[in-house]
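To start, the structure itself, in C-alpha cells.
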Amino acid sequence: MASQPKILITGATGYIGGSILSHLLTLSTLKSAKFFALIRNPTQAPLFQPLGVEPHARALVLGLGDRLKENPNTFVPHIIHTSGTSNLADRPFSVPDRKLPFELTDLEPEKVYETEKKLEEVEPYLQRTAELVVIDTGIRVGIKTHVIMSPTIYGEGSGPGNKLSIQIPNLVKAAIKDGFASVVGDGTQEWDHVHIDDLTELYGVVLQRIVEGKSMPSGKEGILFSETGRHSWGEVAKNVAEVGAKLGKLNTTKVKSVSMDDGIQKWNPAASTHVELGFASNSRTKSEKAKEWGWKPSREEGWKKAFEEDWRRVLDKEST
Numbered sequence: 001m002a003s004q005p006k007i008l009i010t011g012a013t014g015y016i017g018g019s020i021l022s023h024l025l026t027l028s029t030l031k032s033a034k035f036f037a038l039i040r041n042p043t044q045a046p047l048f049q050p051l052g053v054e055p056h057a058r059a060l061v062l063g064l065g066d067r068l069k070e071n072p073n074t075f076v077p078h079i080i081h082t083s084g085t086s087n088l089a090d091r092p093f094s095v096p097d098r099k100l101p102f103e104l105t106d107l108e109p110e111k112v113y114e115t116e117k118k119l120e121e122v123e124p125y126l127q128r129t130a131e132l133v134v135i136d137t138g139i140r141v142g143i144k145t146h147v148i149m150s151p152t153i154y155g156e157g158s159g160p161g162n163k164l165s166i167q168i169p170n171l172v173k174a175a176i177k178d179g180f181a182s183v184v185g186d187g188t189q190e191w192d193h194v195h196i197d198d199l200t201e202l203y204g205v206v207l208q209r210i211v212e213g214k215s216m217p218s219g220k221e222g223i224l225f226s227e228t229g230r231h232s233w234g235e236v237a238k239n240v241a242e243v244g245a246k247l248g249k250l251n252t253t254k255v256k257s258v259s260m261d262d263g264i265q266k267w268n269p270a271a272s273t274h275v276e277l278g279f280a281s282n283s284r285t286k287s288e289k290a291k292e293w294g295w296k297p298s299r300e301e302g303w304k305k306a307f308e309e310d311w312r313r314v315l316d317k318e319s320t
C-alpha cells in the first residue's frame, strides 16, 4: 500500500478493542499508519491522547465520505469485524433436538457461514445478525470483510479502558453473591478459549497482511477462529470454586448443579438466550487458517492461572 494506512478502531474503550489497539501500536509494520478511535463519549478522549490516536465520533462518517470522493480503482477498504463463537452454539436445554456440527474449522469458512445463516433463519441473535450483515453488505458493495470469531477470552486487557473480560468474571461475581460456584446441568457442554494477548496478536497478523497487500480471503471465505484450547463448563465452575476457597471467599469447593432457569436468574435475568449460549452450550471450533500465516499463540498454560487473576480483579473492583 503506497499511501498512509488509515485504521479506524471501534470499541476502543472496551476489553477487546482497547487491547487490540494497544498491540497494533507496537507493531513496526504499522508505524506509518494513522489510527482513529470511535468512542461513545467525549470524556473518554483523554485516555487516547498519550497513544497518539485521534478519538472522534465523526471518523467513521468522514472515512466513508472520503471513499465516495476517491477513484473507485484505488485501494479497496477492508473491515475486520469482531464476533464470537456463541453465534454457532447449540441450545442443549431449551432446544435439545437441534442438530449442529460437532466442531467447525476455519479451513471450511463457507460451512461456518451457512451454519450461521441457518441458525439466524430460525432464531435471530444480535451478534450473529451483525456479523452476517457485515459479510453480506460487504459482498454487495465491494468492501473486503474479515471476521474474527472468538470463544471465551481470558487474561487482563491492555487497553486504556476496561481490562476485565465477561464470562469468567460473571461466574466469579455470582459465586461471591451465592457463596458457592454453580453450573447448569452436569456441566459437560464444551467451549473453547483464547488469551487476550494471543487474540490481539492474531488481529496484528491479519492487519499486517492487509497493509502489506498479501492475499487475504474475504466475505464468506474471510471467517477466522481464534481458539487455543477447550474447556467444559463444569471445569470452569470447578476452577472458580477452588480459587474462591483458596482465597477465603468461598466456604466450599463443591460446585452446585442448577437448572437453566436458575442460571438465568444468577447470570443475566434480562437475557435468557445469552445465558444459555454463553454459559451452558456447546460451541467447538478449530483455528487453523491464521497459523498458516504465522500466528503462534503461546499462552495456553495461563488458562488455569487466569481464574485466580480474575478473582483478584473482581475483588479489587468491588472494593473500590
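FYI, the numbering for the sequence shown is 1 to 320, going by the UniProt record's numbering. All C-beta atoms in this analysis are idealised placements derived from N, C-alpha and C, irrespective of residue type, glycine included. Quick caveat, the model's predicted, so the values are computed rather than measured.
Rounded to the nearest whole angstrom, the C-alpha separation of Ala241 and Arg209 is 42 angstroms. Excluding the 5 residues flanking it on each side, Asn282 has same chain C-beta neighbours closer than 6 angstroms at Asp90, Gln189, Glu190, in chain order. The Cβ neighbour count for Ser319, taken over all protein chains shown within 10 Å, is under 16; the residue is labelled exposed. Between Pro297 and Asp192, the CB-CB gap reaches or exceeds 7 angstroms. 7 angstroms or more divides the Cβ of Val183 from the Cβ of Ala245.
In the pairwise beta carbon analysis, the stretch 297–306 is classified as not touching the stretch 172–187: fewer than three pairs are separated by under 8 angstroms. Only residues of its own chain outside the window of five on either side were considered, and among them Phe307, Glu308, Trp311 have a CB closer than 6 angstroms to the CB of Val243, listed in chain order. The beta strand (DSSP E) runs lying completely inside the stretch 208–254 and spanning 3 residues or more are 223–225, 229–232, given in chain order.
Boundaries for Val95: no beta strand (DSSP E) harbours it, and the DSSP string shows neither H nor E there. Of the other Cβ atoms in all chains shown, 16 or more fall within 10 Å of the Cβ of Arg284; this residue is therefore buried. For His23, no pairing in a beta bridge is given by DSSP. In terms of Cα proximity to Ser165, the closest of Asp178, Thr145, Arg140, His195 is His195.
In this model, Trp233 and Met260 are separated by some 13 angstroms (Cα to Cα). Arg140 sits exposed, since fewer than 16 C-beta atoms from the chains shown fall within 10 Å of its C-beta.
In this structure, Ile223 lies near Asp106, with their beta-carbon atoms less than 7 angstroms apart. Sequence-distant Cβ neighbours of Thr200 in its own chain, meaning closer than 6 angstroms and more than five residues away, are Ser19, Ile20, His23. Under DSSP, Gly84 forms a beta bridge with Ser150. According to the DSSP assignment, Asp106 belongs to no beta strand (DSSP E), since it is labelled neither H nor E. Between Lys144 and Ser218, the C-beta spacing is below 7 angstroms.
Here Pro269 is exposed: its Cβ has fewer than 16 other Cβ atoms, across all protein chains shown, within 10 Å. The straight-line gap separating the alpha-carbon atoms of Tyr15 and Ser158 is approximately 8 angstroms. When secondary structure is reduced to three states using DSSP, Asp192 falls in the strand class. Take the alpha-carbon of Gly179 and the one of Ile80: they are about 41 angstroms apart.
Setting aside the 5 residues that flank it on each side, Asn170 is surrounded in the same chain by Trp267, each with a C-beta closer than 6 angstroms to its C-beta; the list follows chain order. The alpha-carbon separation between Lys289 and Val205 amounts to approximately 11 angstroms. Between the C-alpha atoms of Leu132 and Asn251 there is a straight-line separation of about 45 angstroms. Counted as a single uninterrupted DSSP element, the beta strand (DSSP E) harbouring Thr10 occupies residues 6–10.
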